Amino acid sequence: MGGVVTLDDTKTRIISAVMKAVRQYGLEGVRIQNVSKLAGITPGAIYRYFDSKEQMLVACFTYVDKQAAAIFEHLRFDPLTMLTDPMEAVKALWLPYFRFWTVRPDETIFYYRFRDSTFFPKYDRSRDITYFKTFIEMVCAFKQVFPRLDQINQDLLWLHVLTSTVMYAKYVVEGILPNNQETEDTVFQLLTTGLSSYLKLEK
Numbered sequence: 159m160g161g162v163v164t165l166d167d168t169k170t171r172i173i174s175a176v177m178k179a180v181r182q183y184g185l186e187g188v189r190i191q192n193v194s195k196l197a198g199i200t201p202g203a204i205y206r207y208f209d210s211k212e213q214m215l216v217a218c219f220t221y222v223d224k225q226a227a228a229i230f231e232h233l234r235f236d237p238l239t240m241l242t243d244p245m246e247a248v249k250a251l252w253l254p255y256f257r258f259w260t261v262r263p264d265e266t267i268f269y270y271r272f273r274d275s276t277f278f279p280k281y282d283r284s285r286d287i288t289y290f291k292t293f294i295e296m297v298c299a300f301k302q303v304f305p306r307l308d309q310i311n312q313d314l315l316w317l318h319v320l321t322s323t324v325m326y327a328k329y330v331v332e333g334i335l336p337n338n339q340e341t342e343d344t345v346f347q348l349l350t351t352g353l354s355s356y357l358k359l360e361k
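Under the working numbering, the first residue of the sequence shown carries the number 159, and numbering increases by one thereafter.
1) Quick check: what's the CA-CA separation for Gln213 versus Ser355?
2) Tell me which residue opens and which closes the alpha helix (DSSP H) that Asp308 is part of.
3) Taking the Cβ atom as the reference point for each residue, do Phe304 and Lys224 lie within a distance shorter than 9 Å?
4) Using 9 Å as the threshold, is the C-beta distance between Met177 and Glu265 below it?
5) For Asn338, which three-state DSSP category applies?
6) Quick check on Gly352: does DSSP put it in helix, strand or coil?
7) State buried or exposed for Tyr221, treating a residue as buried only when at least 16 other CB atoms are found within 10 Å of its CB.
8) Can you name the start and end residues of the alpha helix (DSSP H) that Leu215 belongs to?
9) For the candidate residues Leu241, Thr242 and Ala247, whose alpha-carbon lies nearest to that of Arg234?
10) Cutting at 6 Å between CB atoms, please list the residues of its own chain near Leu185, excluding the five before and the five after it.
11) Straight-line CA distance for Glu332 to Pro263?
12) Taking 8 Å as the limit between beta carbons, can you name the residues of its chain near Thr351, skipping five residues before and five after?
13) Using the Cβ count rule (16 or more neighbours within 10 Å means buried), how would you classify Tyr289?
14) Please list the terminal residues of the continuous alpha helix (DSSP H) segment that includes Phe290.
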């Protein structure tokens, strides 16, 4: 089945408990004891699945990252919209991604903190991103239509979009921003203001 992340039940419970614990105690403050209490299982049972706290955190990140990537598997992507209304085409891809985060407080806060942690750079160098294949194909389609996109540093572009999207979603789940259409529209405008000049058809 494409895009569905399935894990053994106990492992899913542990992952869910780790994210709750990170939200309550912060990344550094998470202890196996917190996790076992939140998951309703013994510390010994956790060690059957994970050797260390770091391994647990990486498993959580991969789990959420794969779920986020799976959103793009289910989107109907109409290449024609790119030509008639490029910003609308971008928004049709971005909005489900943003909404994925705004309805998942534990995942959002965990993801944001993990990406911002000392664990992340080491993990990022070796991570497998093949599960973002569909999303990468969509980006390639945009680049074929709008060659100017290649003028932007790609790492910088995706860091900007991804990090900002998750950061604003974090503000929503923390109650700092309202979860409404005005927030969605404004965040999208802020994110794409610099992008619109690159989304012009070549004469």
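Heads up, the beta-carbon is just placed ideally off N, CA and C, and yes, glycines get one too. Computed from a predicted model, the values in this text were never measured in an experiment.
With the given structure in hand:
1) 42 Å
2) Looking at the DSSP string, Asp308 is not in any alpha helix (DSSP H), and its letter there is neither H nor E.
3) no
4) yes
5) coil
6) coil
7) buried
8) Lys211 to Ala228
9) Ala247
10) Arg271 and Ser275
11) 8 Å
12) none
13) buried
14) Element bounds for Phe290: n/a, residue is neither H nor E.
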